[in-house]
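Visitor:
Numbering (my numbering), first residue to last: 93 to 270.
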């Protein structure tokens, strides 16, 4: 596994996930039911992990998609960053979602996971990172603001499955600031 590590975070490490990780990824999704409830789900979909791999905006391919897993102990996945290369433009990578097992929240793990990702992205020659935060997810909005993201626009009437909401699109021009 050492040769597959992208970066280290506290006593964990990050590596690219593949469909071979579907079962472990589904377990993480189930542990993060609060994320799905924010999106109007009652339960975590049985195919949530598969949806992470399959959900792509128009014009993007599986080559553009990456799911970076945060591993602890004997390969337990405790978090993910799901992102797209070159979206919405070639100099920007878009974080579709970041999830962290609730048992590992509130101790700097999420912050350090993101910062490791940011350094890794910058080493790829990328200058911007963008993401969207649901208006009702005040905790996530505060988290991203503290990491230097700024709201660049608001997307009203955004539909997630059966739920309609408002999304704050946030961006950080991050490289060269370490």
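We put the CB at the ideal spot given by N, CA and C, even for glycine.
Have a look at 181, 114, 126, 227 and flag the residue whose alpha-carbon is nearest the alpha-carbon of residue 191.
Guide: To locate residue 191, count along the chain shown from 1; it is residue 99. Checked all of 181, 114, 126, 227; the closest Cα to residue 191 is 126.
Visitor: In the DSSP assignment, what are the bridge partners of residue 265?
Guide: Looking up residue 265 in the chain shown gives position 173. For residue 265, which the question treats as bridged, DSSP gives the partners 220.
Visitor: Determine the extent of the beta strand (DSSP E) in which residue 186 is found, giving its start and end residues.
Guide: Residue 186 sits at position 94 when you count from the first residue of the chain shown. Per DSSP, residue 186 belongs to the beta strand (DSSP E) from 184-192.
Visitor: If you run the structure through DSSP and keep just helix, strand and coil, what is residue 248?
Guide: Translated into positions along the chain shown, residue 248 becomes position 156. Residue 248: strand per DSSP, three-state reduction.
Visitor: Between residue 265 and residue 255, what straight-line distance do the alpha-carbon atoms span, to the nearest angstrom?
Guide: Taking the first residue of the chain shown as position 1, residue 265 is located at position 173. Taking the first residue of the chain shown as position 1, residue 255 is located at position 163. About 31 Å.
Visitor: What residues match up with residue 230 in a beta bridge as DSSP calls it?
Guide: Numbered from its first residue, the chain shown carries residue 230 at position 138. According to DSSP, which records beta bridges pairwise, residue 230 is partnered with nothing at all.
Visitor: Residue 174 and residue 188 - do their beta-carbons sit closer together than 9 Å?
Guide: Counting from one through the chain shown, the residue named residue 188 turns up at place 96. Counting from one through the chain shown, the residue named residue 174 turns up at place 82. Taking 9 Å as the Cβ cut-off, residue 188 and residue 174 qualify as a contacting pair.
Visitor: With 16 other CB atoms within 10 Å as the buried threshold, where does residue 120 fall?
Guide: For this step, residue 120 is matched to residue 28 along the chain shown. With 16 or more other Cβ atoms within 10 Å, it is buried.
Visitor: Could you tell me the alpha carbon to alpha carbon distance between residue 153 and residue 110, rounded to whole angstroms?
Guide: As a position in the chain shown, residue 153 is number 61, starting the count at 1. As a position in the chain shown, residue 110 is number 18, starting the count at 1. The alpha-carbon atoms of residue 153 and residue 110 are separated by roughly 15 Å.
Visitor: Assuming contact is defined by CB atoms lying nearer than 9 Å, are residue 201 and residue 101 in contact in what I supplied?
Guide: Locating residue 201 in the chain shown gives position 109, counting from the first residue. Locating residue 101 in the chain shown gives position 9, counting from the first residue. Contact: yes.
Visitor: Is the beta carbon of residue 106 less than 9 Å from the beta carbon of residue 208?
Guide: Start at 1 with the first residue of the chain shown, and residue 106 comes out as number 14. Start at 1 with the first residue of the chain shown, and residue 208 comes out as number 116. Yes, these two residues count as a Cβ contact at 9 Å.
Visitor: Here's a check: name, in chain order, each residue in its chain whose Cβ is nearer than 6 Å to the Cβ of residue 223, leaving out the five neighbours to either side.
Guide: The residue you call residue 223 lines up with position 131 of the chain shown. Closer than 6 Å at Cβ, skipping near neighbours: 187, 262.
Visitor: When the Cα of residue 252 is compared with those of 220, 104, 130, which residue comes out closest?
Guide: By 1-based counting over the chain shown, the position of residue 252 is 160. It is 130 whose Cα lies nearest to the Cα of residue 252.
Visitor: Near residue 132, which residues of its chain fall below 7 Å by C-beta distance, leaving aside the five closest residues on each side in sequence?
Guide: For the purposes of this step, residue 132 is identified with residue 40 of the chain shown, where counting begins at 1. Cβ within range, chain order: 252, 253, 254, 255.
Visitor: Going along the chain, which residues of its own chain have a beta-carbon closer than 6 Å to the beta-carbon of residue 164, five neighbours each way excluded?
Guide: Residue 164 sits at position 72 when you count from the first residue of the chain shown. If we look at residue 164 and ignore the five residues flanking it on each side, its Cβ neighbours are 104, 170.
Visitor: Hey, out of 182, 172, 184, 177, whose CA is closest to residue 197's CA?
Guide: Here residue 197 refers to the residue found at position 105 when the chain shown is read from its first residue. It is 172.
Visitor: If you draw a straight line from the alpha carbon of residue 115 to that of residue 142, how long is it in whole angstroms?
Guide: Taking the chain shown and counting its residues from 1, one reaches residue 115 at position 23. Taking the chain shown and counting its residues from 1, one reaches residue 142 at position 50. Whole-angstrom Cα-Cα distance: 9 Å.
Visitor: In chain order, what residues of the same chain lie with their CB nearer than 6 Å to the CB of residue 99, ignoring the 5 residues before and after it?
Guide: Translated into the one-based positions of the chain shown, residue 99 becomes position 7. Closer than 6 Å at the Cβ level, and outside the excluded window around residue 99, lie 106, 208, 212.
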